[in-house]
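For the record, in the sequence shown the residue sitting at position 209 is 252 according to my numbering, with numbers rising by one throughout. Where a beta carbon is used, it is the ideal one built from N, C-alpha and C, also for glycine.
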Amino acid sequence: MATLLYRLGRGSMRRRRLVAAIWLVVLVGLGLAAATLRGPIADNFTMPGTESQRALDLLAEQFPAASGATGTIAVRAPADGALASPQGQAVVKELTQEAATLPGVVGAVDPFQVGAVSPDGRYALVQVQFATGADEVTDAQRDAYEKVGERAEAQGWEVAPGGEVLSSVPEVGSTEAIGVAVAAIVLVVTFGSLVAAGMTMLNALIGVGVGMAGLFAISSVVDLSSTAPILALMLGLAVGIDYSLFITSRYRQNLMEGLPPDEAVGRAVGTAGSAVVFAGATVVIALAGLAVVNIPFLTVMGLAAAGTVTIAVLVAITLQPALLGFAGRRVLPRKLRSTVPAGDSAAGDRAADAADAVTPPAEDRSGFGFRWARLVTRFRVPVILVGLIGLGLLALPAPDMRLALPDAGTAPVGSAARESNDVITEGFGPGFTGRLAVVVAGDTPQATSAAIPQVTALIQRTENVLAVAPPQLSPDGRTALLGVVPKTGPTDEATETLVNDVRAEVGGFRDVDVLLTGATAIGIDVSEKLSDALPVYLLLVVGLSVLLLMLVFRSLLVPVKAALGFLLTVAATFGITVAVFQQGHLADLVGLDTPGPLVSFLPILLIGILFGLAMDYEVFLVSRMREDFVHGDTAQQATINGMGHGARVVTAAALIMISVFGGFVFLDDPVIKSMGFALAIGVAIDAFVVRMTIVPAVMSLLGKRAWWLPRWLDKILPNVDIEGEGLRAHLDERSPAHP
44 MATLLYRLGR
54 GSMRRRRLVA
64 AIWLVVLVGL
74 GLAAATLRGP
84 IADNFTMPGT
94 ESQRALDLLA
104 EQFPAASGAT
114 GTIAVRAPAD
124 GALASPQGQA
134 VVKELTQEAA
144 TLPGVVGAVD
154 PFQVGAVSPD
164 GRYALVQVQF
174 ATGADEVTDA
184 QRDAYEKVGE
194 RAEAQGWEVA
204 PGGEVLSSVP
214 EVGSTEAIGV
224 AVAAIVLVVT
234 FGSLVAAGMT
244 MLNALIGVGV
254 GMAGLFAISS
264 VVDLSSTAPI
274 LALMLGLAVG
284 IDYSLFITSR
294 YRQNLMEGLP
304 PDEAVGRAVG
314 TAGSAVVFAG
324 ATVVIALAGL
334 AVVNIPFLTV
344 MGLAAAGTVT
354 IAVLVAITLQ
364 PALLGFAGRR
374 VLPRKLRSTV
384 PAGDSAAGDR
394 AADAADAVTP
404 PAEDRSGFGF
414 RWARLVTRFR
424 VPVILVGLIG
434 LGLLALPAPD
444 MRLALPDAGT
454 APVGSAARES
464 NDVITEGFGP
474 GFTGRLAVVV
484 AGDTPQATSA
494 AIPQVTALIQ
504 RTENVLAVAP
514 PQLSPDGRTA
524 LLGVVPKTGP
534 TDEATETLVN
544 DVRAEVGGFR
554 DVDVLLTGAT
564 AIGIDVSEKL
574 SDALPVYLLL
584 VVGLSVLLLM
594 LVFRSLLVPV
604 KAALGFLLTV
614 AATFGITVAV
624 FQQGHLADLV
634 GLDTPGPLVS
644 FLPILLIGIL
654 FGLAMDYEVF
664 LVSRMREDFV
674 HGDTAQQATI
684 NGMGHGARVV
694 TAAALIMISV
704 FGGFVFLDDP
714 VIKSMGFALA
724 IGVAIDAFVV
734 RMTIVPAVMS
744 LLGKRAWWLP
754 RWLDKILPNV
764 DIEGEGLRAH
774 LDERSPAHP
């Protein structure tokens with residue numbers, strides 16, 4: 044692979060104008076396609092095979108009027124008892140009529156007819172039924188719904204429209220630019236060159252632009268969840284900058300060793316580019332593996348992010364060499380440009396051979412990376428113990444982790460959804476914000492009618508049920524919809540217990556189907572399915588990491604050590620995220636209004652992403668250790684060399700990742716905020732605690748045993764040549780004859 048990438052990098056640099064033009068055409072073409080073909084962003088948390096999804100499918104087929112999105116308009120009168128007055132009743136009646144005539148609405152229910160009035164006569168709930176699902180409600184219809192009740196508000200009433208129809212798409216704004224700005228500063232400090240930093244950032248931004256444009260271009264035929272583009276942007280930026288950083292760093296190193304630009308690029312792409320391809324492949328495999336969970340929205344999220352990572356890899360190994368060709372030696376700091384000989388392409392091979400023949404100057408081993416490596420390896424046992432104990436303490440909150448889909452109770456303070464939720468909770472209790480729906484469907488109207496009283500009685504006697512609303516019948520009378528109000532909120536553990544209890548109570552009917560659904564039930568089903576899939580997915584990822592690293596490092600203990608380090612990272616990250624976002628510790632520091640359960644897909648998504656990033660740093664550091672060990676260094680010295688050469692670049696890469704992910708913490712949306720926080724913390728722990736501290740300590744402790752591999756296994760494993768040993772052999776064979 045290294046030899047192939049060497050030729051690709053060298054060819055891309057020599058034909059840099061053509062390569063740059065091709066990527067520009069791709070960017071413009073996909074941009075135009077995205078502008079003309081972009082479809083709506085969806086939040087369909089569908090889950091094939093679950094009871095809640097079967098109920099929704101049944102409603103869509105037999106009771107389409109009740110399968111559309113619902114809205115709840117919370118009304119608060121100026122004073123207690125005001126709803127009982129003629130004036131109060133007139134205000135509510137006018138409001139109900141106004142809601143019923145809104146575009147896209149098929150009907151609104153008068154709260155006095157269904158008893159949706161609080162005992163103190165101050166609060167009322169107007170139920171609004173839309174003709175289509177929430178994803179198909181237009182912006183104009185949603186805006187009209189949010190403005191309902193303006194006349195009532197002018198009279199001192201509070202009108203707060205809410206419900207699933209107000210589910211909004213998180214907006215990416217200027218706050219994320221903070222992370223990008225910090226990343227740019229890190230690049231400037233790392234390279235000491237504005238040209239190198241700017242070119243690396245430009246390369247990453249082009250890759251993100253291509254990836255995001257392609258994603259939106261296919262959104263008309265693929266249902267994208269609101270978080271899928273955000274995740275793709277987050278990952279695309281982070282890995283795009285990091286991958287370009289790795290290749291540019293190796294290119295600069297090659298230039299300073301006297302290689303001409305085309306040879307320096309070829310070798311940079313052949314060596315660092317191999318690590319980039321491997322790291323990108325692990326991220327893509329882990330994200331695409333989310334499809335095994337069989338939850339459509341999660342599959343789309345994983346594939347969307349995997350697509351942007353794939354683009355980032357392709358841009359890094361093709362466009363980056365082209366841009367390096369335009370930049371030439373300006374990627375070096377000014378003080379080094381005059382001291383580095385300028386090779387030319389025509390004499391490239393001869394200059395490369397000359398550079399290989401020259402004895403390299405004595406290496407400066409006084410840098411921080413070498414000093415840190417010597418310190419860690421000297422006190423390896425205390426370092427390992429402190430690292431394990433520290434990460435173990437951080438992981439303590441992890442067993443208390445609870446998962447749920449986001450609800451209006453955790454929406455940003457001041458948003459329409461949150462205001463409606465707060466008014467409903469204040470007037471009626473938390474259960475009214477997470478009502479359940481029971482579908483009763485029979486072959487005949489008589490069977491359905493006969494079952495309704497029995498179903499109602501069974502539900503009413505279930506613990507934690509506050510009320511059961513009168514049934515709504517389909518036009519043919521074969522399907523009925525019962526509203527169930529729990530005493531607790533949608534993400535409360537007691538509500539989850541109630542859902543399971545109700546299903547157990549009503550599951551014995553023969554002549555009718557009785558199914559429980561609703562946004563709350565769907566959220567519980569999604570969380571349960573993801574919780575069940577999490578151990579299987581974790582085992583898949585850990586097994587994959589051991590196999591891939593065994594191919595790379597020709598070792599048994601190194602992959603096992605890497606996998607255990609990954610598990611430490613995941614456990615500590617879960618612990619910190621639970622402590623902040625669920626338990627509320629230091630929540631103010633991240634701008635979190637209301638702590639609550641973690642979004643149900645965060646853990647499995649976090650495992651997939653961190654896996655790829657962890658393997659990235661593992662390969663970059665340990666491959667140099669193996670290279671030096673194979674070439675005669677002791678295991679101890681090889682460990683120090685690997686850390687000394689890789690620490691600066693890995694530190695910069697990790698800081699860039701943390702900056703980009705951390706920029707999303709400033710968003711108001713709690714889901715995106717928690718994702719950005721967890722990824723930033725995970726990268727920090729994995730890079731600085733696990734890979735740059737525990738890993739060299741363990742490698743020093745293992746010594747030669749770290750590189751042991753049974754002969755029979757060594758023979759059957761293919762050689763992927765991450766370190767470029769095959770490339771060096773190819774270059775040696777090419778000398779002195781040249782193509």
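Simplified DSSP assignment, three categories, for Gln170: Gln170: strand per DSSP, three-state reduction.
Beta strand (DSSP E) segment containing Val508, residue limits: First-last of the beta strand (DSSP E) with Val508: 508 to 511.
Rounded separation between Lys747 and Ala678 - CA only: A direct Cα-Cα distance of roughly 6 angstroms separates Lys747 from Ala678.
Cβ-Cβ distance between Val482 and Leu509 below 8 angstroms: Judged by their CB atoms, Val482 and Leu509 are not nearer to each other than the 8 angstroms cut-off.
Limits of the alpha helix (DSSP H) - the one that Ala723 falls within: In the DSSP annotation of this structure, the continuous segment of the alpha helix (DSSP H) that includes Ala723 starts and ends at 713 to 727.
Where Ser128 falls, given that 16 or more other Cβ within 10 Å makes a residue buried: Ser128 is exposed by the Cβ-count criterion.
Beta-carbon gap between Arg185 and Val208 smaller than 8 angstroms: Yes.
8 angstroms Cβ cutoff met for Ala804 and Glu661: Outside the shown range of the chain (44 to 782) lies residue 804, about which nothing can therefore be said.
Inter-stretch contact at 8 angstroms, needing at least 3 Cβ pairs: the region 570 to 579 / the region 502 to 517: Taking 8 angstroms as the limit for Cβ pairs, the verdict is that the region 502 to 517 does not touch the region 570 to 579.
Three-state class that DSSP yields for Leu698 in the structure shown: Leu698 falls in the helix class under three-state DSSP.
Cα-Cα separation, Phe672 to Leu75: Rounded to the nearest whole angstrom, the CA to CA distance from Phe672 to Leu75 is 52 angstroms.
Helix, strand or coil at Gln489 [DSSP, three-state]: Residue state for Gln489 is assigned as helix, using DSSP reduced to three classes.
Terminal residues of the alpha helix (DSSP H) in which Val352 lies: First-last of the alpha helix (DSSP H) with Val352: 339 to 370.
Terminal residues of the beta strand (DSSP E) in which Arg119 lies: Arg119 -> beta strand (DSSP E) spans 113 to 119.
Residue range of the unbroken alpha helix (DSSP H) whose run includes Gly470: Gly470: member of the alpha helix (DSSP H) spanning 459 to 471, first to last residue.
Beta strand (DSSP E) segments (min. 3 residues) lying fully within the region 47 to 88: Along the length of the region 47 to 88, whole beta strand (DSSP E) runs at least 3 residues long do not occur.
Start and end residues, beta strand (DSSP E) containing Ala151: Segment 148 to 152, the beta strand (DSSP E) holding Ala151.
Straight-line gap, Gly551 to Thr499 (C-alpha atoms, nearest Å): Rounded to whole angstroms, Gly551 to Thr499 spans 14 angstroms at the Cα level.
Local Cβ density within 10 Å of Gly158, reported as buried at 16 or more and exposed below that: Exposed, because fewer than 16 other Cβ atoms sit within 10 Å of the Cβ of Gly158.
Best match in Thr79, Asp266, Leu362, Leu267 for proximity to Val312 [C-alpha to C-alpha]: Minimum Cα distance to Val312 is reached at Leu362.
Residue span of the beta strand (DSSP E) that contains Gly31, given as start and end: Residue 31 cannot be examined here, being either before or after the span of the chain that is shown, 44 to 782.
Neighbourhood of Gly725 by C-beta distance below 7 angstroms, restricted to the same chain and skipping five residues each side: So the list reads Thr612, Thr616, Leu649, Leu653, once near-sequence residues are dropped.
Proximity of Ile290 and Val320 at Cβ, strictly below 8 angstroms: Cβ distance not < 8 angstroms, so Ile290 and Val320 don't count as in contact.
Distance CB(Glu548)-CB(Leu501) smaller than 8 angstroms: Against a cut-off of 8 angstroms, the Cβ pair of Leu501 and Glu548 comes out as a contact.
Leu611 in three-state terms, based on DSSP: Helix, per DSSP.
Burial state of Asp757, where buried means 16 or more other Cβ atoms lie within 10 Å: Classification of Asp757: exposed, given that the 10 Å Cβ count is below 16.
Distance CB(Ala721)-CB(Leu645) smaller than 8 angstroms: In this structure, Ala721 places its C-beta atom within 8 angstroms of the C-beta atom of Leu645.
Distance between beta carbons of Thr637 and Thr476, contact taken as under 8 angstroms: With 8 angstroms as the limit, Thr476 and Thr637 do not qualify as a contact, their Cβ atoms being about 13 angstroms apart.
Under 8 angstroms between C-beta atoms of Val352 and Val466: In this structure, Val466 does not lie closer than 8 angstroms to Val352 by Cβ.
Closest by C-alpha distance to Ala260, when choosing among Arg461, Val69, Ala537, Ala494: Looking only at Arg461, Val69, Ala537, Ala494, the smallest Cα-Cα distance to Ala260 is reached by Val69.
Proximity winner among Ala125, Val169, Met244, Ser292, relative to Gly199 (alpha-carbon distances): If we check each option's Cα against that of Gly199, Ala125 comes out closest.
Thr637: first and last residue of the uninterrupted beta strand (DSSP E) it sits in: That residue, Thr637, is in no beta strand (DSSP E); it is neither H nor E in DSSP.
Best match in Gly192, Ala133, Gly368, Tyr166 for proximity to Ala63 [C-alpha to C-alpha]: Checked all of Gly192, Ala133, Gly368, Tyr166; the closest Cα to Ala63 is Gly368.
Top-ranked residue by Cα proximity to Ala227, from Ile65, Val714, Ile701: Out of Ile65, Val714, Ile701, Ile701 has the C-alpha closest to the C-alpha of Ala227.
Beta-carbon gap between Ala562 and Leu288 smaller than 8 angstroms: Note that the C-beta distance between Ala562 and Leu288 is not below 8 angstroms.
Cβ contact (3+ pairs, closer than 8 angstroms) linking the region 257 to 271 and the region 220 to 240: No, the region 257 to 271 does not touch the region 220 to 240.
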